[in-house]
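Residue numbers for the sequence shown follow my numbering, beginning at 4 and rising by one. Yeah, the Cβ is synthetic: ideal placement off N, Cα and C, and Gly gets one too. Here the structure is a predicted model, which means the values were calculated and not measured. Structure first, then comments.
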Amino acid sequence: MFTGTPVSQPSTENGEMMSSGSELTPTELTDLRDKLEKLRHEFETMVQSSGTQAKPVQLDEPIGRLSRMDALQQQSMARANVETARHRLELINAALRRIRDGIYGECLECEEPIGYARLKASPESPFCVSCQGQREKSR
Ligand SMILES: [Zn+2]
4 MFTGTPVSQP STENGEMMSS GSELTPTELT DLRDKLEKLR HEFETMVQSS GTQAKPVQLD
64 EPIGRLSRMD ALQQQSMARA NVETARHRLE LINAALRRIR DGIYGECLEC EEPIGYARLK
124 ASPESPFCVS CQGQREKSR
């Protein structure tokens, strides 16, 4: 029986969560794309500037044996950081490509929505929480 109130709209009780944390709203997508663009810029700068930072240690500088070790260690750490940055940059670019293709936000493994909360924390992640966990376990 109708009570007189038109019920054409679905219940708005859970508002934005309507499809229980699944597909992204256009606003969320824009937000994440902005984040990705910024991240890409950050990491590109990092990777590019690393070329100048990773100069060989100046051996004629009057630094002791220990500090030279330090410098070498710092250098290899910097190199490792660049590797990480490069890897993330790849993920970020891939994510931006998926946005263009309109498949962003889906897990590459199970095709379930990754979820806004997770994407907000790491917008470049291509997998949902459980698939990511499985991949890390199987390594
Ligand atoms: Zn998945």
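Item to check | Same chain, Cβ closer than 8 Å to L27, five either side skipped, listed in chain order | outcome: The residues are L35, Y107, G108, P116, Y119, L122.
Checklist entry - On the three-state DSSP scale, how would you describe E40? => result Reduced to three states, the DSSP call for E40 is helix.
Checklist entry - Taking the alpha-carbon positions, what's the N96 to F46 distance? => result Rounded to whole angstroms, the gap between the alpha carbons of N96 and F46 is 11 Å.
Next on the checklist: L39 and A81 - do their beta-carbons sit closer together than 8 Å?
Outcome noted: For the pair A81 and L39, the CB atoms are not nearer than the 8 Å cut-off.
Item to check | Nearest to L32 (by Cα), restricted to the options E112, T87, D104 | outcome: For the residues E112, T87, D104, the minimum Cα distance to L32 belongs to D104.
Checklist entry - Per DSSP, P116 is paired with what? => result BP columns for P116 point to E109.
Checklist entry - When you compare only the Cα positions, how much space is there between A74 and V50? => result In this structure, the straight-line span from the alpha carbon of A74 to that of V50 is close to 20 Å.
Checklist entry - Between S53 and L94, what straight-line distance do the alpha-carbon atoms span, to the nearest angstrom? => result Note on geometry: alpha-carbon atoms of S53 and L94 lie some 19 Å from one another.
Next on the checklist: By the three-class DSSP mapping on this structure, what secondary structure does S23 have?
Outcome noted: In this predicted model, S23 has a pLDDT of only 45, less than 50, meaning its place in the structure is not dependable; the value taken from the coordinates is given anyway. In this structure, DSSP gives S23 a state outside helix and strand, which the three-state scheme calls coil.
Item to check | Exposure of L42, with buried meaning 16 or more beta-carbon neighbours within 10 Å | outcome: Looking at its Cβ environment, which holds 16 or more other Cβ atoms inside 10 Å, L42 is buried.
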